[in-house]
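Visitor: Please find one structure pasted underneath; my questions will follow.
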Amino acid sequence: MTRIAIIVGSTRPGRNGTAVAEWVHAYAKTRTDAEYELIDIEQFHLPLLDEPVPASMGMYSKDHTKTWAATVASFDGFVFVTPEYNHSPSGALKNAIDFVYGEWNNKAAGFVGYGSVGAVRAVEQLRLIAAELQVATVRAQVALNLATDFKNYSEFTPAERHTADLDTLFDQLVSWTKALEGVRAAAQEPVAA
Numbered sequence: 001m002t003r004i005a006i007i008v009g010s011t012r013p014g015r016n017g018t019a020v021a022e023w024v025h026a027y028a029k030t031r032t033d034a035e036y037e038l039i040d041i042e043q044f045h046l047p048l049l050d051e052p053v054p055a056s057m058g059m060y061s062k063d064h065t066k067t068w069a070a071t072v073a074s075f076d077g078f079v080f081v082t083p084e085y086n087h088s089p090s091g092a093l094k095n096a097i098d099f100v101y102g103e104w105n106n107k108a109a110g111f112v113g114y115g116s117v118g119a120v121r122a123v124e125q126l127r128l129i130a131a132e133l134q135v136a137t138v139r140a141q142v143a144l145n146l147a148t149d150f151k152n153y154s155e156f157t158p159a160e161r162h163t164a165d166l167d168t169l170f171d172q173l174v175s176w177t178k179a180l181e182g183v184r185a186a187a188q189e190p191v192a193a
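Quick note: the sequence shown, position 11, residue 11 per the UniProt record's numbering, numbers continuous.
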């Protein structure tokens with residue numbers, strides 16, 4: 001069964017991301033096309049990137065990196081739930097992404113953003129990052145506005161129209177994740193000597 005992680009992309013105290021990710025996860029669980037799991041980067045206690053060797057080498061030396069790598073590797077696709085801080089994703093999310101490399105490769109991702117303009121600028125930056133990680137990103141995304149989808153900018157009250165956007169995002173994500181199965185399998189095959 002295809003496995004998709006819904007990643008909470010903020011560690012800030014009082015963050016709105018938890019409520020958004022729980023909403024995404026609750027909706028995902030109504031679907032039968034994949035297994036969906038909520039992953040909170042805060043629970044991994046990742047320090048500022050502290051690996052001495054670039055992630056692309058796959059030579060992880062820290063236990064926290066190895067745990068995070070195993071988690072990322074266990075999924076076929078991802079939904080990044082991201083805030084927008086200063087026109088970009090959170091530093092915590094970027095840091096978590098940068099810790100590993102091969103574990104992201106040949107998978108698909110979608111985005112649910114929240115911020116004053118729906119985190120569209122943060123998502124655009126994440127699309128560039130994903131391309132470097134060999135992650136295929138789907139076109140559909142959910143853009144939640146702090147002024148209209150949150151009561152007093154803190155209580156999550158999404159407009160009904162976002163459910164259709166979320167459904168389209170999952171349709172595309174599951175399709176692309178399954179389409180990349182052969183690519184992932186070929187990349188794992190040993191090279192003949």
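Beta carbons are placed, not taken as given, at the ideal position from N, Cα and C, and that holds for glycine. Keep in mind it's a predicted model, so treat the numbers as computed, not measured.
Roughly how many angstroms separate the alpha carbons of residue 95 and residue 122, rounded to a whole number?
Guide: Whole-angstrom Cα-Cα distance: 14 Å.
Visitor: Indicate, with yes or no, if the ligand ZN has a heavy atom lying under 6 Å from the CB of residue 63.
Guide: By its list of ligands, the structure shown contains no ligand whatsoever, and the ligand ZN lies outside what it can speak to.
Visitor: As a quick exercise: from 63, 176 and 11, pick the residue whose alpha carbon is nearest that of residue 109.
Guide: 176
Visitor: On a Cα-Cα basis, can you pick out the residue from 161, 80, 85 and 154 that is closest to residue 129?
Guide: 80
Visitor: Is there contact between the region 41-59 and the region 146-154, where contact requires at least three CB pairs shorter than 8 Å?
Guide: no
Visitor: Alpha carbon to alpha carbon, what distance is there between residue 160 and residue 197?
Guide: Since the displayed the chain opens at 1 and closes at 193, residue 197 lies outside it and no answer follows.
Visitor: Which same chain residues, not among the five before or five after residue 98, have their C-beta less than 6 Å away from its C-beta?
Guide: 49
Visitor: Near residue 40, which residues of its chain fall below 7 Å by C-beta distance, leaving aside the five closest residues on each side in sequence?
Guide: In its chain, beyond the 5 residues on either side, 8 have a beta carbon closer than 7 Å to the beta carbon of residue 40.
Visitor: Bridge partners of residue 178, per DSSP?
Guide: Note: residue 178 sits in no beta bridge, so no partner.
Visitor: Got a sec, what are the start and stop residues for the beta strand (DSSP E) residue 39 sits in?
Guide: 35-40
Visitor: Please state if the CB of residue 5 and the CB of residue 37 are separated by a distance shorter than 7 Å.
Guide: yes
Visitor: Find out if the Cβ-Cβ distance for the pair residue 145, residue 118 is shorter than 7 Å.
Guide: Yes.
Visitor: Looking only at C-alpha atoms, which of 16, 12 and 57 sits nearest to residue 133?
Guide: Selection 16, 12 and 57 evaluated against residue 133 yields 57 as nearest (Cα-Cα).
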